[in-house]
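Asks: Residue numbers (my numbering): 8 to 361.
In this text, a Cβ means the ideal position worked out from N, Cα and C, and glycines have one as well.
Keep in mind it's a predicted model, so treat the numbers as computed, not measured.
1. Using 8 Å as the Cβ pair cut-off and three pairs as the minimum, do the stretch 109 to 118 and the stretch 55 to 70 touch?
2. Using beta-carbon positions only, say whether residue 339 and residue 97 come within less than 8 Å of one another.
3. Over what stretch of residues does the alpha helix (DSSP H) that includes residue 355 continue unbroken?
4. Check whether the Cβ atoms of residue 192 and residue 182 sit closer than 8 Å, and answer yes or no.
5. Closer than 6 Å by C-beta to residue 124: which residues in its own chain qualify, once you throw out the five before and the five after it? Chain order, please.
6. What are the boundary residues of the beta strand (DSSP E) that includes residue 322?
7. Would you list, in sequence order, the uninterrupted beta strand (DSSP E) runs of no fewer than 3 residues that lie entirely inside the stretch 269 to 313?
8. Quick one: Cα of residue 312 to Cα of residue 107, how far?
9. Taking 6 Å as the limit between beta carbons, can you name the residues of its chain near residue 225, skipping five residues before and five after?
10. Just to confirm before moving on: does the CB-CB distance between residue 62 and residue 50 stay below 8 Å?
11. Roughly how many whole angstroms lie between the Cα atoms of residue 260 and residue 274?
12. Within the chosen definition, does the stretch 291 to 304 reach the stretch 145 to 164 through at least 3 CB pairs nearer than 8 Å?
13. Take residue 267 and list the residues in its own chain whose beta-carbon comes closer than 8 Å to its own, dropping the five residues that flank it on each side.
14. What's the call for residue 230, buried or exposed, on a 16-neighbour Cβ count within 10 Å?
15. Which of the three DSSP states is assigned to residue 257 in this structure?
16. My guess is that residue 315 and residue 294 are in contact by the Cβ rule of under 8 Å, so how many angstroms apart are they, rounded?
17. So what does DSSP say about residue 245, is it helix, strand or coil?
18. Taking the alpha helix (DSSP H) that residue 66 falls in, what are its first and last residues?
19. Suppose the cutoff is 6 Å on Cβ atoms and the five residues either side in sequence are ignored; what does the same chain contact list for residue 42 look like?
20. Checking 8 Å against the spacing of the C-beta atoms, do residue 283 and residue 309 come in under that value?
21. Report the option in 99, 198 and 185 whose CA atom is closest to the CA atom of residue 127.
22. Is the separation between the beta-carbon of residue 190 and that of residue 122 shorter than 8 Å?
23. Need the endpoints of the beta strand (DSSP E) that residue 80 sits in, please.
24. Name the residue from 48, 35 and 167 whose alpha carbon lies nearest to the alpha carbon of residue 330.
25. Hey, how far is the Cα of residue 256 from the Cα of residue 249?
26. Quick one: Cα of residue 40 to Cα of residue 152, how far?
27. What ranges does the alpha helix (DSSP H) occupy inside the stretch 99 to 163, keeping only unbroken runs of at least 4 residues that lie completely in it?
This is the structure we're talking about:
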């Protein structure tokens, strides 16, 4: 009888501890989740067998309460990452997906082909030479603690990685949680960009009909130099048409306005800059530059190039609107809701219904 009472008390304590733990953890926005794959195709292994390659895994998150925005948001991660970037931050707080769910948006999270839950198939199925992970040291230097070694001119103001300055290193819980979620990436820009474009177009076709910019079909020879088409390594549709970008795109150096920026190449003013006809008058873009990101060096140039090519492009420097201390991974940092608000305000500013 005595032991039964002891066990009952212990059981009750365990329940109370679990309740207290649940109450102390950040709560997410109630939503429903579905997943599917887009893009990709069957490819032969040369021996009579077939595999499915270059597909992208997609999660669809829908607010449980109500969808108040007419358009969904699509989130696409970068090198070495997956769609989990947008879910939970390294310190356990809800991420950007929760922020935008709370504002009534349907969210689509994409794993790029050959990343995360989008299967990687090596040679001979894909012509990737190899995949490579980013080391903890590279991640720290570029993403999480650039302030420690001044990796680039604007690194010092970085303060917002979870835990504060100097915390984005091995052994810190937030860094370890983030680094454990990184994945290897294919070292093959042309096939990877081609696969991402095809998967992204397939997703937009699925969720928005034909309300997406048209894409040129690639005609690749594998010998194109890096960023041959200026913004990409794969063909883009210019007007007048570009047959050989090394010849047809007439470039000039434009000088930076400060020591925090780099000189860069843009189209010359003569002949008249070629236009990105599949984007001009169709989309409006926003370039968000964090105070302590290496993108400070050249975002200004990306904006100039897009505007030259007829793409309506806005730029916001987070520091100019009172959002300070962010690096490249601003959506994972302590003030991520502040940067999300900047993006949300821009979206709702160009489309009052969201």
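Replies: Looking at the coordinates:
1. A contact exists between the stretch 109 to 118 and the stretch 55 to 70.
2. Position 332 of the chain shown, counted from the start, is the residue given in the question as residue 339. Position 90 of the chain shown, counted from the start, is the residue given in the question as residue 97. Taking 8 Å as the Cβ cut-off, residue 339 and residue 97 qualify as a contacting pair.
3. Position 348 of the chain shown holds residue 355. Note, residue 355: alpha helix (DSSP H), 343 to 357.
4. The residue you call residue 192 lines up with position 185 of the chain shown. The residue you call residue 182 lines up with position 175 of the chain shown. Not in contact: residue 192 and residue 182 (Cβ atoms no closer than 8 Å).
5. On the chain shown, position 117 is the one that residue 124 refers to. Counting only Cβ-Cβ distances below 6 Å, and skipping sequence neighbours, we find 64 and 118.
6. Within the chain shown, the letter at position 315 stands for residue 322. Element bounds for residue 322: 319 to 324.
7. Correct list: 271 to 274 and 291 to 296.
8. Taking the first residue of the chain shown as 1, we reach residue 312 at position 305. Taking the first residue of the chain shown as 1, we reach residue 107 at position 100. Distance between the alpha carbons of residue 312 and residue 107 is about 30 Å.
9. As a working mapping, residue 225 is identified with position 218 in the chain shown. Bear in mind that a pLDDT of 38 at residue 225, under 50, signals an unreliable position, so the number given afterwards is only what the model happens to contain. Taken in chain order, the residues that qualify are 201, 241 and 242.
10. Working through the chain shown from its first residue, we reach residue 62 at position 55. Working through the chain shown from its first residue, we reach residue 50 at position 43. Contact check for residue 62 against residue 50 fails: the beta carbons are separated by 8 Å or more.
11. Position 253 of the chain shown holds residue 260. Position 267 of the chain shown holds residue 274. Going from the Cα of residue 260 to the Cα of residue 274 covers about 8 Å.
12. Taking 8 Å as the limit for Cβ pairs, the verdict is that the stretch 145 to 164 does touch the stretch 291 to 304.
13. On the chain shown, position 260 is the one that residue 267 refers to. These residues qualify, in order along the chain: 160, 161, 303 and 304.
14. As a working note, residue 230 is residue 223 in the chain shown. Its pLDDT being 34, under 50, residue 230 is placed unreliably in this model, and the value from its coordinates should be taken loosely. Label assigned to residue 230: exposed.
15. Numbered from its first residue, the chain shown carries residue 257 at position 250. Taken through DSSP and simplified to helix, strand or coil, residue 257 comes out as coil.
16. Here residue 315 refers to the residue found at position 308 of the chain shown. Here residue 294 refers to the residue found at position 287 of the chain shown. That belief does not hold up - the Cβ atoms of residue 315 and residue 294 are roughly 14 Å apart, past 8 Å.
17. Your numbering for residue 245 matches position 238 in the chain shown. Strand at residue 245.
18. By one-based count along the chain shown, residue 66 stands at place 59. From DSSP, residue 66 is part of no alpha helix (DSSP H) but of the beta strand (DSSP E) over 57 to 70.
19. On the chain shown, position 35 is the one that residue 42 refers to. Within the same chain, 66 come within 6 Å of residue 42 by CB-CB distance, once the 5 residues on both sides are set aside.
20. As a first step, residue 283 must be located in the chain shown, where it is residue number 276. As a first step, residue 309 must be located in the chain shown, where it is residue number 302. No. Outside cutoff.
21. Numbered from 1 along the chain shown, position 120 holds the residue referred to as residue 127. Residue 198 is the option with its Cα nearest to residue 127.
22. Along the chain shown, read from residue 1 onward, the residue named residue 190 stands at position 183. Along the chain shown, read from residue 1 onward, the residue named residue 122 stands at position 115. Yes. Within cutoff.
23. Start at 1 with the first residue of the chain shown, and residue 80 comes out as number 73. Going by DSSP, residue 80 is part of the beta strand (DSSP E) stretching over 80 to 83.
24. The count along the chain shown starts at 1 and reaches residue 330 at position 323. Cα-wise, what sits closest to residue 330 is 167.
25. Position 249 of the chain shown, counted from the first residue, corresponds to residue 256. Position 242 of the chain shown, counted from the first residue, corresponds to residue 249. The alpha-carbon atoms of residue 256 and residue 249 are separated by roughly 7 Å.
26. Position 33 of the chain shown, counted from the start, is the residue given in the question as residue 40. Position 145 of the chain shown, counted from the start, is the residue given in the question as residue 152. Straight-line Cα distance between these residues: approximately 34 Å.
27. Taking only runs of at least 4 residues, the alpha helix (DSSP H) segments lying wholly in the stretch 99 to 163 are 103 to 109 and 143 to 146.
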